[in-house]
Structure formats: structure tokens, C-alpha cells
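A short write-up of the structure that comes next.
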Amino acid sequence: DFQTQLQSQATQGQTALQETMEALREEVLCEAEKQAGAAHTKMASEVAERLSRFAEAITGIESRAEQAAAAAEAVRDQLDSNTSLVKECQTEVRAAQVATTARA
-6 DFQTQLQSQA
4 TQGQTALQET
14 MEALREEVLC
24 EAEKQAGAAH
34 TKMASEVAER
44 LSRFAEAITG
54 IESRAEQAAA
64 AAEAVRDQLD
74 SNTSLVKECQ
84 TEVRAAQVAT
94 TARA
């Protein structure tokens, strides 16, 4: 009868609607996962870029530290050389003083 047909069609329509809603929900979830993955990838890329710049900065600092250490070593060597020269001069001055005193 007519009412049974209407109920049957209503049930079929409701089932089709539920299936469509479920399919849409899955599509939305899938798209959300894709976008989240893309955002994660972008963020990871940005972090990697920052870390790369940080590593470059550290390399530059290390290089300058090595240059400073080499310069400090050169200054130390020059200081040692100057100290030796001063000692030699002092020895010569003492010798000259002794010789001058002996002549007098």
C-alpha cells in the first residue's frame, strides 16, 4: 500500500543520507589529516631552516674563536721573545756596569 511505500522510501532515503554523511565525514577527516600533515611538514621545514642558520652561526663563532686562539698564541710567543730580549739586555747592562766599575 501507499503508506508502506512511503515508509520504505523514507527508510531508503535515511540510509542513503547516513551513508552520504559518513562518506563526507571521512573525506573531511582525510582532508584535515592532509592539511595537518602539510602544516607539520612546513613547520618541520622552518625548524630545519632555523637549525641550519644556527649551525652556520656556530661555525662562524668557532672559526672566530680559532682565529682568536691563534692570535693569542702569537702574542704569547712575541711576549716570550720580548722577555728573552729583556733578559739579554739586562745581562749586557750588568756586564757593562761591572766593566765600568772595574775601570773606575
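Numbering of the sequence shown is given in my numbering, commencing with residue -6 and proceeding in unit increments. Glycine included, each C-beta is placed from N, C-alpha and C at the ideal position. Here the structure is a predicted model, which means the values were calculated and not measured.
Reducing DSSP to helix, strand and coil, say where Asp70 ends up. DSSP, reduced to helix, strand and coil, places Asp70 within a helical segment of the structure shown.
Excluding five sequence neighbours on each side, which residues of the same chain lie with their C-beta closer than 7 Å to the C-beta of Thr93? none
Under the three-state reduction of DSSP, which class applies to Ala118: helix, strand or coil? Not covered by the structure: residue 118. The range shown for the chain is -6 to 97.
Measure the C-alpha to C-alpha separation of Glu24 and Thr4 and round it to an integer number of angstroms. In a straight line, the C-alpha of Glu24 is about 30 Å away from that of Thr4.
Could you give the distance in angstroms between the alpha-carbon of Thr(-3) and the alpha-carbon of Arg18? Their backbone Cα atoms lie some 31 Å apart in a straight line.
Ala9 by DSSP, collapsed to three states: which one? It is helical.
Could you have a look at Ala62 and say whether DSSP puts it in helix, strand or coil? helix
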